[in-house]
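Participant:
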Amino acid sequence: MRHEYVLMSSVRLRDLESLSDDEALFAELENEEDNDVSAALRERRIKEIQDELERRHARAENQHGLYTDITKEKEFMDITTSDKYVVGHFYHKDFRRCKIMDTHMEKLAQKYYDTRFIKIEVQNAPFLVEKLQIKVLPCVMAWVDGYAQTKIVGFDELGSTDSFQTAALELKLLHAGVVKKKEESNNLQKKSIFQSNDTDSELEDD
Numbered sequence: 001m002r003h004e005y006v007l008m009s010s011v012r013l014r015d016l017e018s019l020s021d022d023e024a025l026f027a028e029l030e031n032e033e034d035n036d037v038s039a040a041l042r043e044r045r046i047k048e049i050q051d052e053l054e055r056r057h058a059r060a061e062n063q064h065g066l067y068t069d070i071t072k073e074k075e076f077m078d079i080t081t082s083d084k085y086v087v088g089h090f091y092h093k094d095f096r097r098c099k100i101m102d103t104h105m106e107k108l109a110q111k112y113y114d115t116r117f118i119k120i121e122v123q124n125a126p127f128l129v130e131k132l133q134i135k136v137l138p139c140v141m142a143w144v145d146g147y148a149q150t151k152i153v154g155f156d157e158l159g160s161t162d163s164f165q166t167a168a169l170e171l172k173l174l175h176a177g178v179v180k181k182k183e184e185s186n187n188l189q190k191k192s193i194f195q196s197n198d199t200d201s202e203l204e205d206d
């Protein structure tokens, strides 16, 4: 029987995100009893999943899945130009609304593993503050392949309330293309794996 796609009932791609022991995955693959799956196809599938795990480990080493406070302006700029998807928060440590934004950024960083979530205090980024004309905080910007896609200033676009839902920020980032819906990301990966063929004085706390 010829299979265009081979789907495993016991192993799904979304499970890769929660695997802490790679050997457990391969044990399940080896124990799978599907007589229609050839040994060659099984070996190729194992290799592709291993490659995917290695990519995930590499992203983890680069702090994907974390919300990172960057203290050097050059490092911040390097990240926005070298990583494919980046969301950056320009903040002031004493501004209440910046702290509110932090809570939402933290949640999204843990949800969208393929996107890098970072922040930098405005006093540490004088060049960017001037170049990007950042005058109201918090300010969140998103980049795809080094190109700015959106700029979210204050909370006006998020419901104009301190109690806005994380989903409001998430929707803005989805529209900007800097985060991908989980099912969309999983479908792309599944096809790959299973297809057989003082600034203080000038800045306001909004």
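Numbering (the UniProt record's numbering), first residue to last: 1 to 206. Even glycine gets a Cβ: it sits at the ideal position worked out from N, Cα and C.
#1: On the three-state DSSP scale, how would you describe I134?
#2: If you drop the 5 nearest sequence neighbours on each side, which residues of the same chain put their C-beta closer than 7 Å to that of D198?
#3: Who are the Cβ neighbours of D69 in its own chain at under 6 Å, not counting the five residues just before and after it?
#4: DSSP beta-bridge partners for H89?
#5: Okay, do the region 109–116 and the region 41–51 touch, 3+ Cβ pairs below 8 Å being the bar?
#6: Give the secondary structure of Y72 by DSSP, where H, G and I count as helix, E and B as strand, and everything else as coil.
#7: Less than 8 Å separating the beta-carbons of V144 and H89?
#8: Where does V129 fall in DSSP's three states?
#9: Going by beta carbon distance, what residues of the same chain come within less than 6 Å of A125, once the five residues before and after it are set aside?
#10: Which term fits Y67, buried or exposed, when burial requires 16 or more other beta carbons within 10 angstroms of its beta carbon?
#11: Quick check on the burial criterion: 16 or more other C-beta atoms within 10 angstroms. Buried or exposed for A39?
#12: Among the candidates R116, S163, K135 and D162, whose CA atom is the shortest distance from the CA of K151?
Facilitator: With the structure as the only source:
#1: coil
#2: Confidence in D198 is poor, its pLDDT being 41 and thus under 50, which makes the residue's placement unreliable; the coordinate value appears in the next sentence. Cβ neighbours of D198 beyond the five flanking positions: Q123.
#3: K119
#4: K119 and V140
#5: no
#6: Note on identity: in this sequence residue 72 is Lys, with Tyr being the wrong assignment. Residue state, collapsed to three classes: coil.
#7: no
#8: helix
#9: E73
#10: buried
#11: exposed
#12: K135
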